[in-house]
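Here is the structure we will look at.
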Amino acid sequence: MARAATTTDAFNAVAEPRRRQILDVLARGERSVTDLVAALDLAQPQVSKHLKVLHEVGLVAVREDGRRRLYRLEGRGLKAIHDWVAGFARHWEDRFGALDAVLAEITGETDGNDHEG
Numbered sequence: 001m002a003r004a005a006t007t008t009d010a011f012n013a014v015a016e017p018r019r020r021q022i023l024d025v026l027a028r029g030e031r032s033v034t035d036l037v038a039a040l041d042l043a044q045p046q047v048s049k050h051l052k053v054l055h056e057v058g059l060v061a062v063r064e065d066g067r068r069r070l071y072r073l074e075g076r077g078l079k080a081i082h083d084w085v086a087g088f089a090r091h092w093e094d095r096f097g098a099l100d101a102v103l104a105e106i107t108g109e110t111d112g113n114d115h116e117g
């Protein structure tokens, strides 16, 4: 089966490590392509290619500022990823809560045994 194009959704787009690096930089604020090239030590064509993919799937927004194009993180595009990860977070919070209860029970039994000495 052929691999899905990276432009189909946010999950495929962020599978590429350089795109995640771009998102990390943009999480700190709006940046031009030139700023991203300097921050990531990548060639301008590579950065532009990755920005195009991120823009197509809705993870970044772009605005014109004179001759410059400024990119920023687009939170709405990350919602699908956030929602998916949140399901795992709830699962592990429940598991850790159960572990805390077991540890508290064990600790309580140990404390009780120590006092009977």
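Residues in the sequence shown are numbered consecutively from 1, following full-length UniProt numbering.
Note that the Cβ used here is the ideal one computed from N, Cα and C, for glycine as well.
None of these values were measured; they are calculated from a predicted model.
One thing to note: A27 has its Cβ within 7 Å of the Cβ of L73.
Per DSSP, A10 is one residue of the alpha helix (DSSP H) stretching across 10–14.
Ranked by Cα distance from V53, the first of A13, A80, S32 is A13. A10 is positioned such that its CB atom lies no closer than 7 Å to that of L70. Listed as beta-bridge partners of D41 by DSSP are no residues whatsoever. Contact annotation: R20 and H50 have beta-carbon atoms that are not nearer than 7 Å. In the DSSP assignment, L59 falls outside any beta strand (DSSP E) and carries neither an H nor an E. V47 is a Cβ neighbour of V33, given a cutoff of 7 Å.
Taking all protein chains shown into account, L99 has fewer than 16 neighbouring C-beta atoms within 10 Å of its C-beta and is therefore exposed.
Judged by DSSP secondary structure, R19 falls within the alpha helix (DSSP H) whose first and last residues are 17–26.
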